[in-house]
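Protein chains in written order, with the working numbering: chain A, 6 to 376; chain B, 92 to 189. All C-beta atoms, glycine included, are put in the ideal place defined by N, C-alpha and C. Computed from a predicted model, the values in this text were never measured in an experiment. Step one of this worksheet: look at the structure below.
Listed below in structure tokens is the structure:
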């Protein structure tokens with residue numbers, strides 16, 4: 006019988022939540038790596054027992070953990086992320102040159118075809134790859150070196166490479182996003198890159214339509230249409246039908262279009278989910294109501310989903326990597342909040358129930374659908 | 092054989108409890124002790140000192156006999172009591188908030 010395994014990274018450890026296809030009763034394991042920030046945890050699509058986790062603290066730095074048994078046991082793999090060659094500088098918040106410095110791993114993206122191959126997005130923004138199960142990491146330095154890297158600036162949360170999308174049709178196509186540099190694409194497996202920010206408008210930067218400098222919060226894609234991308238930006242929800250070569254706004258009737266998370270229904274490529282928050286200075290849902298908004302038309306015509314979610318006195322946020330979908334016939338949607346709740350919907354968002362309520366601040370949510 | 096006390100998180104990461112006993116090659120100095128820690132417990136590489144610069148991580152301090160030796164040159168010999176095992180070399184994580 007099918008099962009789902011929800012991988013939750015929090016500010017004080019990781020949790021593994023498992024259920025059967027009904028998604029009503031849950032087994033909760035954790036905290037794993039208790040006391041550490043777990044920015045991201047994700048399983049290999051080809052071997053669900055292989056899971057990688059980014060574990061870090063300001064005290065002791067970065068650890069990358071790997072499980073080969075579905076999260077029961079873990080062992081550290083390499084935590085060495087050395088920039089290729091002479092790293093050079095990027096821009097600091099005040100516009101002065103600042104050396105590239107490794108801070109942490111924000112996102113791990115296991116290969117669609119090989120459990121030993123993983124891409125890692127790090128802060129200060131760069132892309133690394135392992136081909137040996139995490140025992141060594143090597144920078145795909147063409148990204149920082151393609152020409153605009155020296156002008157990248159950090160966002161408030163640091164200059165992080167937080168989104169990595171590999172096309173299921175062509176693994177040489179990789180889309181990444183950086184706060185606050187923008188989105189970039191490679192069509193040759195990460196050797197060469199170009200900015201893909203045309204159509205984005207950001208009022209808070211000197212040139213609102215600049216080639217780089219946009220604070221992209223997250224990008225999502227449905228595997229059946231790798232050329233169609235959806236973006237939650239620092240203000241604006243955007244869509245591209247040409248793999249990011251151009252973008253247009255799809256915020257439409259959203260009450261506010263500021264947010265972090267965005268995702269796509271597993272089986273309906275035009276059904277999107279976002280969790281709007283009040284503003285760039287008030288990072289909590291507006292009016293005290295936790296509402297997921299769904300569009301069934303690929304943007305535009307957004308409807309609030311509230312059944313089972315608190316509609317008063319709720320002031321949480323959903324961070325950029327804290328929403329995921331499962332692949333069961335009736336698509337399940339999951340998200341975690343900064344208040345420590347993890348909510349699940351077993352009916353594509355029509356109703357919700359908390360799996361857990363009192364975790365530490367949730368940083369990431371991923372889901373494995375297990376046969 | 093020298094004695095080393097690790098902070099709680101690093102004991103967990105290394106899979107040890109209590110003090111650890113380590114052999115240090117040559118002069119018993121901060122750098123050599125950390126070398127020995129990382130040799131014995133590879134999972135601790137990068138957790139006490141930055142792997143690129145080899146500088147102590149900012150939120151980590153070293154103590155010997157209640158004296159802060161965090162700023163002692165990395166290759167300077169520590170007190171003989173450390174080399175003899177009479178006194179442990181203590182690695183402490185800052186009690187900063189968060």
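Considering only beta carbons, the part of the segment 77-90 of chain A lying closer than 7 Å to chain B consists of 81, 84, 85 and 87, in chain order. For the 8 Å CB-CB criterion, residue 170(A) and residue 189(A) do not form a contact. At least one CB of chain A lies nearer than 8 Å to the CB of residue 138(B).
Contact annotation: residue 366(A) and residue 62(A) have beta-carbon atoms that are not nearer than 8 Å. Around the beta-carbon of residue 185(B), fewer than 16 other beta-carbon atoms lie within 10 Å, marking it exposed. Residue 237(A) is bridged by DSSP to 223(A) and 242(A). Cα atoms of residue 75(A) and residue 39(A): separation of roughly 18 Å, rounded to the nearest angstrom.
From the beta-carbon of residue 101(B), the residues of chain A found nearer than 8 Å are 65. Considering only beta carbons, the part of the segment 143-168 of chain B lying closer than 9 Å to chain A consists of 143, 148, 149, 150 and 151, in chain order. Contact between residue 69(A) and residue 83(A) holds: CB atoms are separated by about 7 Å, below the 8 Å threshold. Per DSSP, the unbroken beta strand (DSSP E) holding residue 94(A) starts and ends at 94-96. Looking from the CA of residue 100(B), the closest CA among 13(A), 298(A) and 18(A) belongs to 18(A). Separation of residue 267(A) and residue 231(A) (C-alpha to C-alpha, rounded to the nearest whole angstrom) is 16 Å. From the listed residues 274(A), 133(A) and 299(A), the smallest Cα separation to residue 226(A) is found for 274(A).
Residue 146(B) is a Cβ neighbour of residue 140(B), given a cutoff of 8 Å.
In this structure, the alpha-carbon of residue 353(A) lies about 7 Å from that of residue 270(A).
Cβ contact annotation for residue 325(A) (same chain, cutoff 7 Å, sequence separation greater than five): 167, 222, 223, 265 and 266, in chain order. Listed along chain A are 62, 64 and 65, each with a C-beta nearer than 9 Å to that of residue 184(B). In the assembly as shown, residue 306(A) is an exposed residue. Its beta-carbon has fewer than 16 other beta-carbons within 10 Å.
Residues of chain A whose Cβ lies closer than 9 Å to the Cβ of residue 97(B) do not exist; the shortest such Cβ separation is about 10 Å. A straight line joining the alpha-carbon of residue 65(A) with that of residue 258(A) spans about 45 Å. Taking residue 283(A) as the centre and dropping the five residues before and after it, the same chain places the C-beta of 261, 263, 289, 290 and 291 closer than 8 Å to its C-beta, in chain order. By a beta-carbon distance limit of 8 Å, residue 109(A) contacts residue 59(A). Their separation comes to about 7 Å. Residues 104 and 105 of the same chain have their beta carbon placed closer than 7 Å to that of residue 92(A), with the five preceding and five following residues left out of the count.
Closest in C-alpha terms to residue 298(A), from the list 310(A), 114(A) and 287(A), comes 310(A). When beta bridges are read from the DSSP output, residue 46(A) appears opposite 58(A). Between the alpha carbons of residue 219(A) and residue 71(A) lies a gap of roughly 33 Å. DSSP places residue 103(B) inside the alpha helix (DSSP H), whose first and last residues are 99-105.
Counting along the chain, residue 110(B) sits inside no beta strand (DSSP E), nor does DSSP assign it H or E at all. DSSP assignment within the segment 75-153 of chain A yields the following whole beta strand (DSSP E) runs of 3 residues or more, N-terminal first: 80-82, 94-96, 102-104, 109-115, 123-128 and 131-135. For residue 134(B), the chain A residues whose C-beta falls within less than 9 Å of its own C-beta are 68, 80, 81 and 84, listed in chain order. Among the CB atoms of chain A, one or more fall inside 8 Å of the CB of residue 104(B). Secondary structure of residue 327(A) (DSSP, three-state): coil. DSSP places residue 300(A) inside the beta strand (DSSP E), whose first and last residues are 297-300. Per the coordinates, the alpha-carbon of residue 98(A) lies some 45 Å from the alpha-carbon of residue 335(A).
Residue range 121-131 is occupied by the alpha helix (DSSP H) that includes residue 129(B).
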